[in-house]
Amino acid sequence: MQENIVKIKETISSGNLCQLIGLIEGEHLECKGQPYDLTQEFNKRELAKDVASFANAEGGLIIIGAKTVKSQLHIGDEIEKIRPFEQSLLNPDQYHKILREWIYPAISNIDIRFHKEASSEKGIVVIDISKQDQNHKPFLIKKMLEQQKIVETMFGYAERKRGDSQPLSAVDLQTMLRKGLRYEENLERQFKLDSLPAFRAESLKAKQLAIETPDYWQYLLAEELLRPRFRQLREELSDLEKGAVLGKHQKLDVAEFWNWFEVKWPEAEGAVKVIAGCVNEKLSMAWGQSGDQGPDAVSIFRAVSRLHAGCSALLDWETDVFRVHPPANLEPLRNVMLGSTREILDELAPLPDHLAEAVQKHRNYIGSEPLIHHVPFELRYSRAKLICDVPEQLATKSHH
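Residue numbers for the sequence shown follow the numbering used here, beginning at 44 and rising by one.
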């Protein structure tokens with residue numbers, strides 16, 4: 044049926060709208076003889092119901108400007124006549140606004156577009172609802188009603204079945220919601236009993252991804268695990284930069300500071316190596332991008348945890364730098380070391396968004412070849428060279 048939808052889109056784009064006559068409505072196609080009258084609340088709900096029903100199924104097209112009749116040969120209605128209208132009769136922005144107000148959660152990738160007939164300025168409108176992420180379903184039709192001191196939220200559920208957008212009965216809807224609540228309870232119970240104890244403290248979304256393993260789950264799981272850890276590191280770094288540091292400060296003379304530097308700098312280099320190794324190797328291996336093994340949830344968790352540990356170690360190191368005060372002539376070395384953690388976190392910050400964007404790009408890709416072979420990410424940490432150059436510069440100055 045998806046092949047038919049592609050052909051329908053090609054026909055519409057060509058402007059030869061009369062070729063749509065005879066098409067049968069079905070799970071992926073709905074027709075309306077004229078635009079929705081959005082001055083009426085009932086029609087706003089009808090629009091929301093029609094769009095949500097496709098989103099809760101496998102997606103599809105709503106053609107506005109195609110009159111249908113009951114088919115004599117097939118189950119369902121067929122297009123009898125194309126009824127083109129002026130483009131000014133339909134405002135896509137108004138449709139999008141109503142869909143945002145009436146449907147929860149928001150449906151992604153809804154395209155509402157006017158298509159001209161080849162022989163005139165009139166045309167039809169097509170609402171193209173793409174297949175939605177299973178994790179975002181169900182899409183509910185909702186409306187908030189205010190009466191005196193009472194505010195009520197009314198909602199319903201519709202899904203495309205054969206040629207109809209069928210609302211769910213109250214009994215069926217309650218059963219679905221009850222199962223959803225029990226699912227969360229069962230999922231939590233499963234994580235307490237199964238072989239993934241490491242995920243007990245993680246979010247429900249992380250647990251779902253690890254158990255259900257939907258398409259591209261390995262990248263989405265890494266994204267879900269990274270975001271709260273990066274947020275925590277940012278908060279701790281903010282405290283450090285504000286001077287909210289526990290522990291004793293110490294003043295060192297020249298010899299004491301160089302001895303301190305020779306011991307402490309390798310600690311920072313080690314932390315950065317751990318971070319780079321996790322980003323450039325361990326995550327890729329955990330995603331199944333190298334070697335014969337496929338993606339593994341526990342390996343992803345361990346790679347993210349080790350990455351977090353490396354960042355925490357670097358933050359601890361910079362806290363030690365903050366508490367040390369060398370003679371004035373060596374202060375430039377201390378100053379260049381301060382800021383190391385921020386540089387690393389700034390480089391790492393785009394990684395969760397990069398993963399999410401790569402997955403979305405792949406979902407929108409219609410070719411046959413795999414698009415995600417590797418998620419490239421390079422850690423630079425240019426400050427390391429500055430730190431290594433400063434002692435040489437200071438030595439040159441002392442000779443002069």
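Beta carbons: idealized from backbone N, C-alpha and C, even for Gly. Just so it is clear, the structure is predicted and the values come from calculations on it, not from any experiment.
| Query | Result |
| --- | --- |
| Flag this pair as touching only if the region 114 to 123 and the region 78 to 93 have three or more C-beta atom pairs under 8 Å; answer yes or no. | no |
| Tell me the DSSP secondary structure of I146 in three-state form. | strand |
| Return the first residue and the last residue of the alpha helix (DSSP H) that K92 is part of. | 84 to 99 |
| When DSSP builds the beta bridges, which residues end up paired with I141? | Note: I141 sits in no beta bridge, so no partner. |
| Taking its Cβ as the centre, do 16 or more other Cβ atoms sit within 10 Å of L280, making it buried, or is it exposed? | buried |
| So, helix, strand or coil for D176, using DSSP? | coil |
| Suppose contacts are defined by Cβ-Cβ distances below 8 Å. Is I150 in contact with A109 by that definition? | no |
| Give the DSSP-derived three-state secondary structure of N47 in the structure shown. | helix |
| Can you tell me the Cα-Cα spacing of K113 and E121, whole angstroms? | 6 Å |
| Run the CB neighbour count on H71, radius 10 Å, all protein chains shown included, and call it buried at 16 or more, exposed below. | buried |
| Tell me the residue span of the beta strand (DSSP E) that contains A109. | 109 to 113 |
| Measuring alpha carbon to alpha carbon, tell me which of L264, D258, V347, L252 ends up nearest E324. | V347 |
| For S383, is the classification buried or exposed, using 16 other Cβ atoms within 10 angstroms of its Cβ as the cut-off for buried? | buried |
| Does the Cβ-Cβ distance between P395 and R270 come in under 8 Å? | yes |
| Leaving out five residues on either side along the sequence, give the residues of the same chain with a beta carbon under 6 Å from the beta carbon of P135. | I155 |
| Decide if the region 337 to 357 is in contact with the region 258 to 268; the criterion is three or more beta carbon pairs, one per stretch, under 8 Å apart. | yes |
| In the structure shown, what three-state DSSP assignment does V168 receive? | strand |
| Keeping to the same chain, check which residues put their C-beta closer than 7 Å to that of L132; ignore five residues upstream and five downstream. | P78 |
| Enumerated in chain order, which unbroken segments of the beta strand (DSSP E) with a length of 3 residues or greater are wholly contained in the region 303 to 335? | none |
| Consult DSSP for H368 and reduce its assignment to one of helix, strand or coil. | strand |
| Output the distance between the C-alpha atoms of I51 and L60, rounded to the nearest integer angstrom. | 10 Å |
| Which word fits E266, buried or exposed, when buried means at least 16 other C-beta atoms lie within 10 angstroms of its C-beta? | buried |
| Under DSSP, the alpha helix (DSSP H) around I254 begins and ends at which residues? | 247 to 255 |
| Along the chain, where does the alpha helix (DSSP H) containing K404 start, and where does it finish? | 394 to 407 |
| Can you list, in chain order, the residues of its chain with a C-beta nearer than 8 Å to that of S163? Leave out the 5 residues immediately preceding and following it. | P127 |
| Are E123 and G103 touching if we call contact CB-CB under 8 Å? | no |
| Pick helix, strand or coil for H442, following the three-state DSSP scheme. | Note that H442 scores 45 on pLDDT, short of 50, meaning its location in the model is unreliable and no value can be drawn from it. |
| What residues in its chain sit with their C-beta under 7 Å from that of I193, if we drop five residues either side in the sequence? | Below a pLDDT of 50, predicted positions are generally treated as unreliable, and I193, at 42, falls in that range; the measurement from the model is reported next regardless. Contacts found: none. |
| For V433, tell me which candidate among R406, M380, P393 has the shortest Cα-Cα distance. | M380 |
| So, helix, strand or coil for E123, using DSSP? | strand |
| Provide the residue(s) that pair with K294 in DSSP beta bridges, ordered along the chain. | H368 |
| Let me make sure I understand the geometry here. Which of L391, E390, E374, E129 has the alpha-carbon closest to that of D296? | E374 |
| Near V288, which residues of its chain fall below 7 Å by C-beta distance, leaving aside the five closest residues on each side in sequence? | T362, F365, R366 |
| Comparing the C-beta of D432 with each C-beta of chain C, is any distance below 8 Å? | Protein chains in the displayed structure number just one, and chain C is not present. |
| Could you pull the DSSP bridge partners for F157 from this structure? | V168 |
| How is L289 classed by DSSP in three states: helix, strand or coil? | coil |
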